[in-house]
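K.L.:
Chains as they are written, first to last, in the UniProt record's numbering: chain A, 1 to 279; chain B, 1 to 439; chain C, 1 to 379; chain D, 1 to 534.
Positions of the beta carbon are idealized from the N, C-alpha and C atoms, including for glycine.
Here's a structure for you.
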Amino acid sequence: MNVLKSLADRDRVFDFLVPVESPVDVRHGPILYLEDVTVSFDGFRAIERLNLTIDDGELRCIIGPNGAGKTTMMDIITGKTRPDAGRVWFGSRHDLLTMNEPEIASLGIGRKFQKPTTFEALTVFENLELAMAADKRILPTLTARTTGEVRSRIEEVMTTIGLVELRHRPAGILSHGQKQWLEIGMLLMQRPRLLLVDEPVAGMTEQEMERTAELLTGLAGQQSVVVVEHDMGFVRSIARTVTVLHQGSVLAEGRMDQVSLDPRVVEVYLGAEADEEVA
Amino acid sequence: MIPIPTVHPTRWLAASLIGLGLSSPAIAQEDPIKVGILHSLSGTMAISESTLKDTLLMLIERQNAEGGLLGRQIEPVVVDPASDWPLFAEKARELLAQEEVDVIFGNWTSVSRKSVLPVVEELNGLLFYPVQYEGEESSENVFYTGAAPNQQAIPAVDYLMNEVGAERWVLAGTDYVYPRTTNKILEAYLKAHGVADEDIMVNYTPFGHSDWQNIVSDIKRFGSQGKKTAVVSTINGDANVPFYRELGNQGIDAADIPVVAFSVGEQELSGIDTAPLVGHLAAWNYFMSVDTDANYDFIDSWIEYTGDEMAVTNDPMEAHYLGFTMWKEAVRKAGTTDVDAVKDAIIGVSVPNLSGGHAAMMPNHHITKPVLIGEIQDNGQFSIVWETPSTVAGDAWSDYLPGSRDLISDWRAPLECGNYNVVEGRCGGGASEDVATAE
Amino acid sequence: MLASRSWLSRPLHERSTRLFLGALIAALAVVTLLNLALPAGHPLHVSTYTVTLLGKYLCYALLAVAVDLVWGYLGILSLGHGAFFALGGYAMGMYLMRQIGDRGVYGHPVLPDFMVFLDWQSLPWYWHGFDMAWFAFLMVLLAPGLLALVFGFLAFRSRVTGVYLSIITQALTFALMLAFFRNEMGFGGNNGLTDFKELLGVDLTTDATRLGLFLATGVALALGYVLCRAIVASKLGRVCVATRDAEARTRFLGYRVERFQLFVFVVSAMLAGVAGALYVPQVGIINPGEFSPIFSIEIVLWVALGGRGTLYGAVIGALIVNYAKTVFTGVMPDAWLFALGGLFVLVTVLLPKGIAGLLGYRRPRRPPDSSTTPREAST
Amino acid sequence: MRMIRSLVQGLLCLVVVALAAPAAVAAPDDDGQALLEALDTRSYADKGEAIEALVASGDERTRRWLDALLDGKLQRHQDTGRFVVVLENRGRQWPVADALSGERLGEMSRRELDRIGINNALRGQLHSTLAVLDLRVDDVRARREAARELLGNVEAAMLAPLQQRVADEADGEVRRLLEQAIAIHRLGQGDAAAVEGLAGSLNPEARAALRAAARSDDVALAEAASGALAGIEQKLKLNRGVETLYFGLSLGSVLVLAAIGLAITFGVMGVINMAHGELMMLGAYTAWGMQQLLPGQPGLALILSIPAGFLVAALAGIAIERSVIQFLKGRPLETLLATFGVSLILQQLVRTLISPLNRSVVSPEWMSGSLMINEGLSLTLNRLFVLGFALLVFAGLMLVMRRTRLGLEVRAVTQSRAMARAMGIRATRVDILTFALGSGVAGLAGVALSQLTNVGPNLGQNYIIDSFMVVVFGGVGNLWGTLVAGLSLGVINQVLEPWAGAVLAKILVLVFIILFIQKRPRGLFPQKGRAAEG
């Protein structure tokens, strides 16, 4: 008989897997803390002794030439890649290296991919609905109802990302820019403490970029935001502190104007950047 | 083509129903006698069964040429159960319920027969089953024209024991009910004749087993103990080719370790390079090489029918020949194709079989057959080295199995029981209502 | 679960489901009517043979729905669903065997015939309890369910995906087939289980029983369909689709993907088991053939042919292919494989969305054509 | 046995026999007729004596008659009672020659001929008789064969002449064998001294004799024998190991052959080709067809059918690619479904066009029998060839992939179709060629299989599942992976088989694969690229 029961509420079978929903503890310092993180893919060192701290509510831009390890860093933070060495802490309580993607996500770390990934077969509305912070175990998900307050929340976000009138169109038919927005919207639905945003404005028009900039700066404060971006213009428009990655470790860090004067940076990055703009 | 619905399921389903309805032609009264042929024409068993279909078509053609039966033409109804056992049951039902055939000739594997059995009994049909099988069955509606274990296995072992002087025995078979039962019977029989346990090696392999290296070398080892060793093979169909090839290549020749097979006939040999097999044995109730005029005529008409000079005949074909002839006689005797009439009429019917002597239908729905032992020749034929002095009657229930020792089968009145328990003096089968209610 | 009522009843408000159920019920009614009301020999009379045949089709339809649930919505191509079907079938078969009691040919009070003549002394432990209907019916769900649970847990946990997953499901069913062929296993080996007498005390051979089984299958199909619709229409269903199209994304949203996959996989396996259980008493035999990988591939073909990711497409596919098989094997015994093979080729080449793609009616959300993206392609 | 005396006499006059020309013309009053008459009796005992008489007669045609008798080709006309030798005994009409004169008599219906039947006992007798005859021929090989034939078949009365032979024999091997043969006989007589001669011999006959002796009541003899046996068993252990390994490798090589073509079409193109097995079947049927075209030269036919089989299968492959697969670009799943349909069609095609029955493919002399490593261990030739063939095919493929333009293009397309296109590689052409290559290799596999197993419509079905297992286990799209996977699975299977039994062994292997994939979800050698994504 109890076999039946265990089948009935299967989600309890794995109680040990259910994450401990404890608030992030930022009383002592930073919200994100990477120390001596090193990872290499068959020989090639993607990240080497990387140290990085993000303060609560900070907006940080991370720049660097291709292959500097920006995306790899995000993979490590979100649990997609396990580093060979080093420590990664979320607040002072959560050791991210011991958790898998869903656990990390449910701690309140949201991530936007370099290549916008949305659920093409689902409508804009459904995309956001899935992203929304909720009990994400099986039975609750199965029996979940879209209540009025859920709707209003989704509406709200849809207006922020300006996809209201497309709410019932499958994400598959959205333009590149719109997908970017939808993905950002999905991040917002998660109500994350920390947003990792990978090249948010790739393929966006000028005014779209401006709105994105407003959005991100607006977010900063209640949430911490880490932006990886190539577009220097965009970075200048939002950056407070900038970190320059090179060959997997921090080359320089500081305010945009300082950094851009740093000779090494000019050499390894801005030079390359110039080339890129030419190309 | 089948109707691809561009409309809604309901209408389609309705359409399909009508389709099913129409797929059975309306039946008038004075139409030809219908003979159902239930042999796999595709799938794994097509190799063995498709020739049986042709055999029947030939027999029917010949019969019609002679003016049919009871002045009516005989119309064959061929279906393809595709070596798919549940499909056998379904097709049998189709033949009996839809096509309303008067008799079915068919099945090869035991499982297909077992799957058809309930259907024929439920719809009271007639089934003639042409293949040697494990026995342990006697149905009111089935006539077993193939060999029961006592008509093939036991005589073969006798031959090896007495003529060849075998002392150690390898019982190698495919893992299904026929070899299992046959080997059980043989084990009991051998032990009864004082063969020690360590002198018997039993081995089972899956269907279509193709890698025999290990097993053959085991047999070789088992045979090199200084006692004459013989292999009794109930290996089925496809698995034989690689088995014999391996035997030949590992240098086991018939003089050292003879293999006697119960499932290897001329047809199987036609698919094998026989050179390395010369001298290995097979036990059947018929060989193509049997030297009788009846046989030569049968062979000639078969070759004419197939138009293939090299076409071979084999034991199950003869079994169908016998079954068909007996059914014909019974129908003549009864003057009707009505199942019950034929069932009663056929018991005791006796027809000359191709290998000399007569085959008579016994009350247990098995027939009398001579048992022949043949040695494989390089031309894919068998040279008959031994045969039973007279014909042997098929025994439905083996005397060497504890479960069935006390059972007999007699479908004549008053017994009319397929599994009468002589000790308890009652009909133990599901047929008896009293037991059913006692439950 | 009070909450569950709402999500379960959700599909009943959908047009597609209503149409489907309507069609199904109508069909059942028509068949029953034509079978009972009309005299045999009447051109429109549906013989019991046909009824049983349709019953078998409906079992296959339910099986196809189960496969479509995991393939169409979860993107898991299972080439081993025949295993769950067969397990359900064997559970039922074992019950039916025990029902024979001492009416076997040997009249043994407990042991089935095949055990008697291979002189087994006593009933193997795993045969105990199958004389009780409730236990057997429970096993119909549990046997496939547990297998799916263990197998799925391993596979999804270690993120086996795509063709690798498909092939090991195939390995699973293949291994089971070989195992059940072994007579030592005590499941009747190649002969399987057959010669059933009665189910729940009712004689299996009577026309009434056959009609009853047919209707029961119809009901089971209806319920199964509604259940699947309910799942795919729920938020969980959307998580499935999300997983299918962008697994990593779903993880980063905080869903434990492997557990959703496991849940749906097990549900699907149980449905398959039920289909198998209803199949056995109607065809009258269960044997290891049902485990054969080829059969499992055939199931997938039904779904593909009907149109995957639509559920009702699966039903249509199963019905058409098997109806075609019945007709061809009778009408053109020597050539039916050409027709069937040709059918598969043509439909896959000409109708990528299957027959459902042809139907005028569509679900509001168009069936995903993401099957054309390379990533999804190799799943 | 009484035959022995006559045998001895026979041996004396054998010199004549050996030198005599085979076909002499029958003398007018021929005693041959009488000798043969004696053979035509139902009782096998009498036949035995008749044979002795024949040998004793020293008639120079003896050898020819005995050979014919051995093949069941010595027959007698029902009406005329004339003895004939059947030259070809297939079909209904047989060409025959007169047994006495040897002159051709045209064709006779098998209906009017009676065979002079023999059974295994007689066959044994004939073998040893002929062996004794052969001890005299010049060819050393034949003498060795003859001597080996005598192991365990020596009769008391033969001892003297045999020892004589040993003395005269030039060849050491023949001498050794003869001595063993004599020793075995002595042992049979209970002569403990003979044990020495057999100690350390791996020959099964010798072992058999020792075992028999070990069972005897004579304690001394029994102990000596079992002592010798113990030593032999020691040696045999190594043999067993080698044997199992060989079994494993040869099974593995079959798996590799079957899978390697799939590794290309499936691994490289991502096409799940369910018709792969049927392509193998086509290859096998090509081998059969070739032998029909070249009757009497199975060897040549087989060799020719290697390129032919490749061609046929490759063409079939191209046909499939053009007619079906090209329309399913990037939808490999659909390819699974469509090619499954194709496989059904191909099977039934063979059934209708050729026959639902299996076809017999003869193995040429040089491929049958086995290669003797030592008396106790010999490797079956046909499998040895297949093993070698598999490795050759693999090497060939490696070359094509690594060294040729095609290989380069194929790899490029695998990595990134779009990029390859951009670089001007005609992806369509590459697809066709790749598929043709994969199919052709399947054809080769079929040719090889025709030497191991049935050539029939189901041939493909039996291998397709295993092939997929091997490819996936090895890692999709990695040829090395396929090789290693195939061979290792083969060995595992054969190592398990002795104690688990054939079925269980296979089940265990499957379970092993399932668990292994859990550990390494991308197979043995994971590879990047289109087909590897999932």
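1. Of all the residues that make up the stretch 292-303 of chain C, which are near chain D by a beta-carbon distance shorter than 9 angstroms?
2. May I have a chain-ordered list of the beta strand (DSSP E) segments no shorter than 3 residues that lie completely inside the stretch 50-86 of chain A?
3. Taking a cut of 8 angstroms between CB atoms, which residues from the stretch 175-207 of chain A lie near chain C?
4. Distance, Cα to Cα, residue 29 (chain B) vs residue 450 (chain D)?
5. Could you give the residue range of the beta strand (DSSP E) that holds residue 373 (chain D)?
6. Going by other Cβ atoms of all chains shown within 10 Å of its Cβ, with 16 needed for buried, is residue 39 (chain A) buried or exposed?
7. Counting only runs of 4+ residues fully inside the stretch 39-123 of chain C, write out the alpha helix (DSSP H) ranges in chain order.
8. Which same chain residues, not among the five before or five after residue 228 (chain D), have their C-beta less than 7 angstroms away from its C-beta?
9. Identify, in the order they occur along the chain, each residue of the same chain with its Cβ nearer than 7 angstroms to the Cβ of residue 330 (chain B), setting aside the five sequence neighbours on each side.
10. Tell me which residues share the same chain as residue 153 (chain A) and place their Cβ nearer than 6 angstroms to its Cβ, disregarding the 5 neighbours each side in the sequence.
11. Could you give the DSSP three-state label for residue 147 (chain B): helix, strand or coil?
12. When the distance is taken between beta carbons, is residue 84 (chain C) closer than 8 angstroms to residue 146 (chain C)?
13. Starting from residue 440 (chain D), trace the alpha helix (DSSP H) both ways and give me its first and last residue.
14. Using CA coordinates, which residue listed in D:144, D:473, D:106 is at the minimum distance from residue 178 (chain D)?
15. Hey, is the stretch 267-274 of chain B in contact with the stretch 55-64 of chain B, meaning 3+ C-beta pairs nearer than 8 angstroms?
16. Output needed in chain order: residues of the stretch 110-134 of chain C with a Cβ under 7 angstroms from some Cβ in chain A.
17. Check the Cβ-Cβ distances between residue 457 (chain D) and every residue of chain B, and say whether any is below 8 angstroms.
18. What are the residues in the stretch 469-496 of chain D lying within 9 angstroms of chain C by C-beta distance?
19. For residue 295 (chain B), would you say it is in contact with chain C, using Cβ-to-Cβ distances shorter than 8 angstroms as the test?
20. Spell out whether any CB of chain D is found under 8 angstroms from the CB atom of residue 306 (chain B).
21. Taking 8 angstroms as the CB-CB limit, is residue 278 (chain D) close to chain C?
22. Beta carbons nearer than 9 angstroms to chain C: which residues of the stretch 191-216 of chain B have them?
23. Say whether chain D places a C-beta atom closer than 8 angstroms to the C-beta of residue 375 (chain B).
24. Across the stretch 33-45 of chain C and the stretch 245-260 of chain C, are there enough close Cβ pairs to call them in contact, namely three or more that are closer than 8 angstroms?
25. Classify residue 127 (chain D) as helix, strand or coil using the three-state DSSP reduction.
26. State buried or exposed for residue 105 (chain B), treating a residue as buried only when at least 16 other CB atoms are found within 10 Å of its CB.
27. Of all the options B:209, B:80, B:119, which has the alpha carbon lying nearest to the alpha carbon of residue 96 (chain B)?
28. For residue 407 (chain B) and residue 136 (chain C), I'd like the C-alpha separation in whole angstroms.
29. According to DSSP, simplified to helix, strand and coil, what is residue 148 (chain A)?
30. By alpha-carbon positions, which one of C:295, C:185, C:241 ends up nearest to residue 170 (chain C)?
31. Give me the subset of the stretch 147-179 of chain C whose CB atoms are less than 7 angstroms from a CB atom of chain A, sorted by chain position.
32. For residue 173 (chain A), count the other beta carbons within 10 Å of its own beta carbon; 16 or more makes it buried, fewer makes it exposed. Which is it?
33. Considering only their Cβ atoms, is the gap separating residue 476 (chain D) from residue 267 (chain D) smaller than 8 angstroms?
34. Residues bridged to residue 417 (chain B) by DSSP?
35. Which residue wins for smallest C-alpha separation from residue 102 (chain D), given the options D:113, D:109, D:90, D:68?
36. Tell me the residue span of the beta strand (DSSP E) that contains residue 108 (chain D).
P.N.:
For this structure:
1. 293, 294, 297, 298, 300, 301
2. 59-63
3. 186, 190
4. Confidence at residue 29 (chain B) is low in this model, with a pLDDT of 45, below 50, so the placement of that residue should be treated as unreliable; the coordinate-derived value is given next. Roughly 53 angstroms separates the two Cα atoms.
5. 370-374
6. buried
7. 48-74, 81-100, 113-117
8. 195, 198, 199, 210
9. 342, 345, 346, 349
10. none
11. coil
12. no
13. 427-449
14. D:144
15. no
16. none
17. yes
18. 469, 471, 472, 473, 476
19. no
20. no
21. no
22. 204, 206, 207
23. yes
24. no
25. helix
26. buried
27. B:119
28. 32 angstroms
29. helix
30. C:295
31. none
32. exposed
33. yes
34. B:410
35. D:68
36. 104-109
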